[in-house]
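With the working numbering, the residue at position 63 of the sequence shown is 65, and numbering never jumps. Each remark here refers to the structure printed beneath this line.
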Amino acid sequence: MAGIPDRAYNAACARLASAMGVSLGAARRRVEMKAAAGAIRDTAGKQALAEELLSEATASSADNHARLSSLLEAVGRDEHFMLED
């Protein structure tokens, strides 16, 4: 049976999961896979990796928000279109 991970590592994965909109398990798997690819075995290294992924996710979410907002703006003849009263 796998040991219980460090509390700080769990918190970092939880923040990553919240920023990405996925489950804690999915965020932890993403960190574990990146850690395995980078040959990181210690919990402190995995926690730092989770924090790095979190900063990347928050930076890209701001870009995605601006892109989505520009795509959702009405253009031309659709500007005054209404589906319902």
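All residues carry an ideal CB built from backbone N, CA and C; glycine is no exception. As the structure is a prediction and not an experimental result, all values here were calculated from the model.
- Counting other Cβ atoms within 10 Å of its Cβ, Ala37 reaches 16 or more and is therefore classed as buried.
- Under the criterion of beta carbons closer than 8 angstroms, Ala21 and Thr60 qualify as touching, at roughly 6 angstroms.
- Here Arg17 carries a helix assignment [DSSP, helix/strand/coil].
- Of the residues assessed, Arg30 falls on the buried side of the cut-off, its CB having 16 or more other CB atoms within 10 angstroms.
- Here Arg32 is near Leu18, since their CB atoms are less than 9 angstroms apart.
- Ranked by how close their Cα comes to the Cα of Ala13, the residues Ala28, Ala52, Gly47, Ile42 have Ala52 in first place.
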